[in-house]
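Engineer: Residue numbers (the numbering used here): 1 to 402.
We treat Cβ as the ideally placed atom computed from N, Cα and C, and that holds for glycine.
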Ligand SMILES: [Fe+2]
């Protein structure tokens, strides 16, 4: 049974009300003078509202790191009934990871797209943890991240979700998300991303019905824009690329968001995109070269194909290359690229949008994900056909010339 899209208020009408920026300060009021003037918590708030603050950081955090939101609401959020355990428990959203339910492996892993379930499934029901990174370098203490995917066919009904201990970065791959948050309503399409900060409650409706995507969750820090460097003040993502509440990215950027560690230049999590673009460098192998990375790489594909994989990496699929595991273009891609020769002209990559969650941590993979029917047991074969192109032809002629 496929559930139909649920009719809710048209979220598209809210897009014109978005404010632009990232990590700067915003204020808005749905009715005039609803915000107190000159103070946060007056004895009597305008219109008899309650003042309530969500603290994103400790209140003594330095100004540049401090995160807070003041709400003025008809009822404070404390007016809820006692929490109860979810029944039945969610078998694929784990809170603890150990040797019995997860493991670390140096083998390259790849998963096919997760099928949209037939039974009614909302965002929370369909959220499935794939990976936990919890073996951290000493300088990171024990700050982990979680990576997972969601599949859903049903709007959240009379319920909300609150991530009390981490920030979510959602990357939709199929179907728009209409997200009702405590700060307003957002429409997020598969060419956009959204950051849902720690502690904020939200509900997700599915105007297009079947939906799936990827999620990264970080703990102990918040997303920020990546540092600028040699490429100058106008490179990478800019605050204006983002709409408040959360985020929107424009084509053409690469590093989009970063969650830093205490070690400068080392990310707990980087979010990087591979958008349509021109390849223009001469005498250069353009697809990603073969490499082993001290960072671990989890990749997803939003649409089209990925330049380094001719086959097998599908929209909605995923791959994981743990730190220092070799990877790169598959055989078909490598052969087709070198066959073009050095005289190949500029080339434009179109119909593509891939992304990567890159982390300095070591992933542990849930056992269910290793046993999943979606896993590609033949992934390693995509490199098996790589053959030697070594040749001494012309060597003697060269020696004679020298
Ligand atoms: Fe890589």
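(1) Just the residues with CB closer than 7 Å to a heavy atom of ligand 1, in chain order, which are they?
(2) Report the rounded CA-to-CA distance for residue 219 versus residue 48, giving the unit in angstroms.
(3) Just to check my reading of the structure: residue 377 and residue 320 have Cβ atoms closer than 8 Å, yes? What is that Cβ distance to the nearest angstrom?
(4) Just the C-alpha distance for residue 269 and residue 399, rounded to the nearest angstrom, thanks.
(5) In three-state DSSP terms, what is residue 318?
(6) Candidates 125, 37 and 344: which alpha carbon is nearest residue 87's?
(7) Contact between the segment 165-182 and the segment 206-219 is defined here as three or more beta-carbon pairs at a separation below 8 Å; is this criterion met?
(8) Can you name the start and end residues of the beta strand (DSSP E) that residue 53 belongs to?
(9) Thinking C-beta only, is residue 175 closer than 9 Å to residue 210?
(10) Helix, strand or coil for residue 30, going by three-state DSSP, please let me know.
(11) Going by the DSSP bridge assignment, what does residue 195 pair with across the sheet?
(12) Taking the C-alpha atoms as reference points, what is the distance between residue 226 and residue 271?
(13) If we call anything under 9 Å between Cβ atoms a contact, is residue 50 one with residue 85?
(14) Taking the CB atoms as reference points, tell me whether residue 122 and residue 160 lie closer together than 9 Å.
(15) Hey, would you say residue 56 sits closer than 9 Å to residue 197, going by beta carbons?
(16) Keeping to the same chain, check which residues put their C-beta closer than 6 Å to that of residue 29; ignore five residues upstream and five downstream.
(17) Using DSSP's beta-bridge definition, name the partner residues of residue 289.
(18) Would you grab the beta carbon distance between residue 206 and residue 155 for me? Rounded to a whole angstrom, and I think it's under 8 Å.
(19) Excluding the 5 residues flanking residue 297 on each side, which residues of the same chain have their C-beta closer than 6 Å to its C-beta?
(20) With a 10 Å radius around its C-beta and 16 neighbouring C-beta atoms as the bar for buried, classify residue 300 as buried or exposed.
(21) Alpha carbon to alpha carbon, how far is residue 338 from residue 388? Give it in angstroms, no decimals.
(22) What does the Cβ neighbour count give for residue 317, buried or exposed, with the cut at 16 atoms within 10 Å?
(23) Going by the DSSP bridge assignment, what does residue 174 pair with across the sheet?
(24) Counting along the chain, where does the alpha helix (DSSP H) carrying residue 338 start and finish?
(25) Just to confirm, is the Cβ distance from residue 380 to residue 312 under 9 Å?
(26) Alpha carbon to alpha carbon, how far is residue 12 from residue 222?
(27) Taking the C-alpha atoms as reference points, what is the distance between residue 305 and residue 147?
(28) On the DSSP bridge assignment, give the partners of residue 327 in chain order.
(29) Along the alpha helix (DSSP H) that carries residue 384, what are the first and last residues, could you check?
(30) Pick helix, strand or coil for residue 17, following the three-state DSSP scheme.
(31) Step through the CB atoms of chain C and report whether any lies within less than 9 Å of the CB of residue 225.
(32) Under 8 Å by Cβ, that's how I've got residue 73 and residue 52 pegged, so tell me the actual separation to the nearest angstrom.
(33) Could you say which of 127, 43, 46 and 173 lies nearest to residue 90 if we only look at CA atoms?
(34) Apart from the five residues just before and just after residue 314, which ones in its own chain have a Cβ nearer than 7 Å to its Cβ?
(35) In three-state DSSP terms, what is residue 240?
(36) I need the straight-line Cα distance from residue 274 to residue 107, nearest angstrom please.
Structural biologist: Taking the geometry as given:
(1) Qualifying residues come out as 288, 291, 293, 297, 321 and 327.
(2) A direct Cα-to-Cα measurement between residue 219 and residue 48 gives close to 36 Å.
(3) Wrong, their Cβ atoms sit about 14 Å apart, outside the cutoff.
(4) Residue 399 has its alpha-carbon roughly 50 Å from the corresponding atom of residue 269.
(5) Judged by DSSP in its simplified three-state form, residue 318 adopts strand.
(6) Ranking 125, 37 and 344 by Cα distance to residue 87 puts 125 first.
(7) The answer is yes - the segment 206-219 touches the segment 165-182, with three or more Cβ pairs under 8 Å.
(8) 50-55 is the span of the beta strand (DSSP E), which, as asked, contains residue 53.
(9) Yes, the pair counts as a contact, with Cβ atoms nearer than the cut-off.
(10) Look at residue 30 here: in three-state DSSP terms it is coil, with no helix or strand label.
(11) The partner list for residue 195 (beta bridge, DSSP) reads 169.
(12) Between the C-alpha atoms of residue 226 and residue 271 there is a straight-line separation of about 10 Å.
(13) Contact: no.
(14) No.
(15) Yes.
(16) Within its own chain, the residues whose Cβ lies closer than 6 Å to the Cβ of residue 29, once the five positions on either side in sequence are excluded, are 35, listed in chain order.
(17) Under DSSP, residue 289 takes part in no beta bridge, so it has no partner.
(18) Indeed, because the Cβ distance is near 5 Å, the residues count as touching under 8 Å.
(19) Excluding sequence neighbours, residue 297 sits near 321, 356 and 358.
(20) Classification of residue 300: buried, given that the 10 Å Cβ count is 16 or more.
(21) Each residue's Cα considered, the two are about 13 Å apart.
(22) With 16 or more Cβ atoms within 10 Å of its Cβ, residue 317 is classed as buried.
(23) Paired residue(s): 212.
(24) Element bounds for residue 338: 331-339.
(25) No, the Cβ-Cβ distance between residue 380 and residue 312 is not below 9 Å.
(26) Distance between the alpha carbons of residue 12 and residue 222: 28 Å.
(27) Here the alpha carbons of residue 147 and residue 305 stand approximately 22 Å from one another.
(28) Beta-bridge pairing links residue 327 to 291.
(29) DSSP places residue 384 in the uninterrupted alpha helix (DSSP H) bounded by 381-384.
(30) Here residue 17 sits in helix by DSSP.
(31) Although the question refers to chain C, the structure presented lacks it and comprises just one protein chain.
(32) With a beta-carbon spacing of about 6 Å, residue 73 and residue 52 fall inside the 8 Å limit used to define contacts.
(33) Nearest option by C-alpha distance: 127.
(34) Excluding residues up to 5 positions away in sequence, 112, 113 and 301 lie with their Cβ nearer than 7 Å to the Cβ of residue 314 in the same chain.
(35) Of the three classes helix, strand and coil, the one that applies to residue 240 here is helix, per DSSP.
(36) Residue 274 and residue 107: Cα-Cα distance of roughly 24 Å.
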